[in-house]
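Protein sequences appear in the order of chains A and B. Under this note's numbering, think of the first position of the first sequence as 5, with each following residue one higher. Under this note's numbering, think of the first position of the second sequence as 314, with each following residue one higher. Remarks on the structure that follows.
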Amino acid sequence: MQSKDAIYNYLSEILQELFEVEASDISLEANLYEDMDIDSIDAVDMIVKLKEFTGKKMQPSDFKQVRTVQDVVEAVYKLLHEEESANI
Amino acid sequence: MTRYMNTLINKLPHTLLTNIFYLWRIFGTAISFALFGVFGMAIGLVLSFLQLVGILNQKKLQHTARATISYSFQIYILFMQSIGLLKIEVIGQEQLSQPGAKLFIANHPTLLDVVFLISLIKDTNCIVKGKLFHNPFTRPPISACNFIHSDTPEMINNAVQALQSDENLIIFPEGTRSTPGTSLTFMRGAANIALSANINLTPITIKCSQPFLLKNTHWYSIPSSPPTVSIEIHKPLDISDINKLNIMPSKKARILTTKMTDFFTEKLFDQNDIN
C-alpha cells in the first residue's frame, strides 16, 4: 500500500540514476518529454523499474496519457489500488 | 589571347578581382539553389510517374530513385566545384567499402551535407526530418527514395529493419543543422538504432574551412573565398563493449551517445578552440 509520496520518491530516484535528470528539475508538474529529455525507449525502461517497485503487472498502454511526473504517480497509484477496490 | 588576358588580369587591382569573383559566386549560389529545386522536383515527378504507370514497382522505384539521386548529386557537386563555389576533399573513402560499414553518423554543419554523403554512399537510406516531407522541392525525391521519417514512433523499428535488410543508413544525430558556436548535442536515436541492430557506427566528420550554408544564415551569406569541405570517414566505433553490459537499454544509449559526442567533439574542434 504505497503512498503517492513513496511513489514520487522512487520515481525521482529512477529519474536521477537512470536518466541523469537533475534533482532540481524534478517536480510534479515537470513534463517527462519536454523538461527531462525522456524518450520512448526510456519510457519502456521506466515502466520496467516501476514494475519492480510495485510488484504489479504494467503495460505501456497504462501510461499512454502520461506526460508529467504527477501523471506517472497517479497512474501507478491507481494501478496499485485498483486490485484492492476490486476485491472489496 | 591567353597571354593578353593574363596580363590584363595581373594589372587589375586585387580587390576588384576578388569582388568580381565574389559576385560570380553569389550568382553561382543562386543558380545552384534553383537547379536543386528544379531537378529535385523533376526527378521526383518522373519517378512517381513511372511508378504510377506501373513501370516501376515499389522496390524498383526505391532502388532507381536512390541510384538516380546519388549520381545526380555527384554531377551537382562537380558542377559547383567547377564554377568555383567550393572545394571538396574526401579522406578515408576506403572505409566505405568495409563489410561492416552500413550505419553512418555525421555531424551536420551545412545545408549540403546530405548531398555530399549520398553522392559518396551508394544505395543508401537516410533518416530525414519530417519538415522536409512538407517542402514541395524535397518531398518528391525523399518519397521516391523511401527515406525514414524521424518524427514518428516507428522510426527506430524502421531503421533497424532497413539495416537488417542490408541497406546502408545515414543518420545525423543532431537531428538538424548544428547551431554555430555551440557544442554538439546528439539525440539518442542513432545510438538506440545501433544497439538494437547490433551494428557498429561509422563516423563521418564534415569540416568547412569557412562558415558555409549554416543554420540561421541567408542563402547569399557566402564566405569571402570558396570554402574547402573536408569529409573524413573514420574507422567504426565499436558498440559491442557497451552492448554486452548488463544494464538497461536506455542507459546503454546514453553511454553510447556520450561516446559518439566525445569522438566528434575531439575530431571537429581544435585543441585551442575549446578548453
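Yeah, the Cβ is synthetic: ideal placement off N, Cα and C, and Gly gets one too.
According to DSSP, which residues form a beta bridge with H531(B)? What you label residue 531(B) is simply residue 218 of the second sequence in a count that begins at 1. Answer is none; H531(B) lacks a bridge partner.
Is the beta carbon of I519(B) sitting closer than 8 Å to the one on I483(B)? Residue 519(B) sits at position 206 when you count from the first residue of the second sequence. Residue 483(B) sits at position 170 when you count from the first residue of the second sequence. For I519(B) and I483(B), no; Cβs fall outside 8 Å.
If you measure beta-carbon to beta-carbon, which residues of the region 21-35 of chain A are closer than 8 Å to chain B? L22, F23 and E24
Can you tell me whether F67(A) is buried or exposed? The criterion is at least 16 other CB atoms within 10 Å of its CB, across all chains shown. Translated into the one-based positions of the first sequence, residue 67(A) becomes position 63. Buried: at least 16 other Cβ atoms inside 10 Å.
Determine, using beta carbons only, whether R606(B) and L527(B) come nearer to each other than 8 Å. Nothing about residue 606(B) can be reported from this structure: the residues present for chain B run from 314 to 588 only.
Note down, in chain order, all residues in the region 541-573 of chain B with a beta-carbon under 7 Å from any beta-carbon belonging to chain A. For the region 541-573 of chain B, residues whose beta-carbon sits nearer than 7 Å to a beta-carbon of chain A comprise M561, P562, S563, K564, A566 and R567.
Based on DSSP bridge pairs, tell me the residues matched to G543(B). Your numbering for residue 543(B) matches position 230 in the second sequence. It should be noted that the sequence gives Ser, not Gly, for residue 543(B). According to DSSP, S543(B) bridges with E402(B) and K520(B).
Can you find a CB in chain A that lies within less than 8 Å of the CB of P645(B)? In the structure displayed, chain B extends from 314 to 588; residue 645(B) sits before or after that span and is not available.
Straight-line gap, Y14(A) to R379(B) (C-alpha atoms, nearest Å): In the first sequence, counting from the first residue as 1, residue 14(A) sits at position 10. In the second sequence, counting from the first residue as 1, residue 379(B) sits at position 66. C-alpha separation (whole angstroms): 49 Å.
Is any beta-carbon of chain B found at less than 8 Å from that of S16(A)? Start at 1 with the first residue of the first sequence, and residue 16(A) comes out as number 12. It does not; no Cβ of chain B falls within 8 Å.
Between F446(B) and R452(B), is the Cβ-Cβ spacing less than 8 Å? Here residue 446(B) is taken as the residue at index 133 of the second sequence, counted from 1. Here residue 452(B) is taken as the residue at index 139 of the second sequence, counted from 1. Cβ atoms of F446(B) and R452(B): closer than 8 Å.
Check whether the region 341-353 of chain B touches the region 543-562 of chain B, counting contact only when three or more Cβ pairs, one atom from each stretch, lie closer than 8 Å. Two segments are said to touch when three or more pairs of C-beta atoms, one from each, lie closer than 8 Å; by this definition the region 341-353 of chain B does not touch the region 543-562 of chain B.
So, helix, strand or coil for I30(A), using DSSP? Mapped onto the first sequence, residue 30(A) falls at position 26. Here DSSP, grouped into helix, strand and coil, assigns I30(A) to coil.
Closest by C-alpha distance to T72(A), when choosing among S65(A), I30(A), E86(A) and L84(A): By one-based count along the first sequence, residue 72(A) stands at place 68. Comparing Cα positions, the closest option is I30(A).
Is it buried or exposed for K565(B), if we count other Cβ within 10 angstroms and need 16 for buried? Within the second sequence, numbered from 1, the residue matching residue 565(B) stands at position 252. It is buried - the Cβ of K565(B) has at least 16 other Cβ atoms within 10 Å.
Counting only C-beta atoms, is D49(A) closer than 8 Å to chain B at any point? Locating residue 49(A) in the first sequence gives position 45, counting from the first residue. With 8 Å as the cut-off, D49(A) counts as an interface residue toward chain B.
Roughly how many angstroms lie between the CA atoms of L360(B) and N481(B), to the nearest whole one? On the second sequence, position 47 is the one that residue 360(B) refers to. On the second sequence, position 168 is the one that residue 481(B) refers to. The straight-line gap from Cα to Cα measures roughly 21 Å.
Can you tell me whether N470(B) is buried or exposed? The criterion is at least 16 other CB atoms within 10 Å of its CB, across all chains shown. On the second sequence, residue 470(B) is found 157 positions in, with the first residue counted as 1. Exposed: under 16 other Cβ atoms inside 10 Å.
Beta-carbon proximity list for P536(B), same chain, < 7 Å, skipping 5 on both sides: Start at 1 with the first residue of the second sequence, and residue 536(B) comes out as number 223. Q523, P524 and F525.
Using only the alpha-carbon positions, how far apart do P486(B) and S410(B) sit? Within the second sequence, numbered from 1, the residue matching residue 486(B) stands at position 173. Within the second sequence, numbered from 1, the residue matching residue 410(B) stands at position 97. About 22 Å.
Specify, as a first and last residue, the run of the beta strand (DSSP E) that F352(B) falls within. Numbered from 1 along the second sequence, position 39 holds the residue referred to as residue 352(B). Looking at the DSSP string, F352(B) is not in any beta strand (DSSP E); the run it does join, the alpha helix (DSSP H), is H327 to L365.
Is DSSP giving N438(B) helix, strand or coil here? Here residue 438(B) refers to the residue found at position 125 when the second sequence is read from its first residue. Strand, per DSSP.
With 7 Å as the C-beta to C-beta threshold (strictly closer), list the residues of the region 471-505 of chain B near chain A in chain order. R501 and N505
Could you tell me whether the region 347-362 of chain B touches the region 384-395 of chain B, where touching means 3 or more Cβ pairs closer than 8 Å? yes
Using a Cβ cut-off of 8 Å (strictly closer), state whether S7(A) contacts chain B. Your numbering for residue 7(A) matches position 3 in the first sequence. It does not; no Cβ of chain B falls within 8 Å.
Have a look at S553(B) and A355(B) and give me their C-alpha separation to the nearest angstrom. Working through the second sequence from its first residue, we reach residue 553(B) at position 240. Working through the second sequence from its first residue, we reach residue 355(B) at position 42. So the two alpha carbons sit approximately 44 Å from each other.
Could you check whether M468(B) and I431(B) sit closer than 8 Å to each other, using their CB atoms as the reference points? For this step, residue 431(B) is matched to residue 118 along the second sequence. For this step, residue 468(B) is matched to residue 155 along the second sequence. No, the Cβ-Cβ distance between I431(B) and M468(B) is not below 8 Å.
Which listed residue (T492(B), F334(B) and L569(B)) has its alpha carbon closest to that of N420(B): The residue given as residue 420(B) occupies position 107 in the second sequence. Comparing Cα positions, the closest option is T492(B).
Own chain, CB closer than 7 Å to I512(B), minus 5 neighbours either side, in chain order: Here residue 512(B) refers to the residue found at position 199 when the second sequence is read from its first residue. Take I512(B), set aside five residues on each side of it, and the residues of its chain with a beta-carbon closer than 7 Å to its own are K415, L416 and L476, in chain order.
From P326(B) to L425(B), what distance separates their C-alpha atoms? Residue 326(B) sits at position 13 when you count from the first residue of the second sequence. Residue 425(B) sits at position 112 when you count from the first residue of the second sequence. Their backbone Cα atoms lie some 33 Å apart in a straight line.
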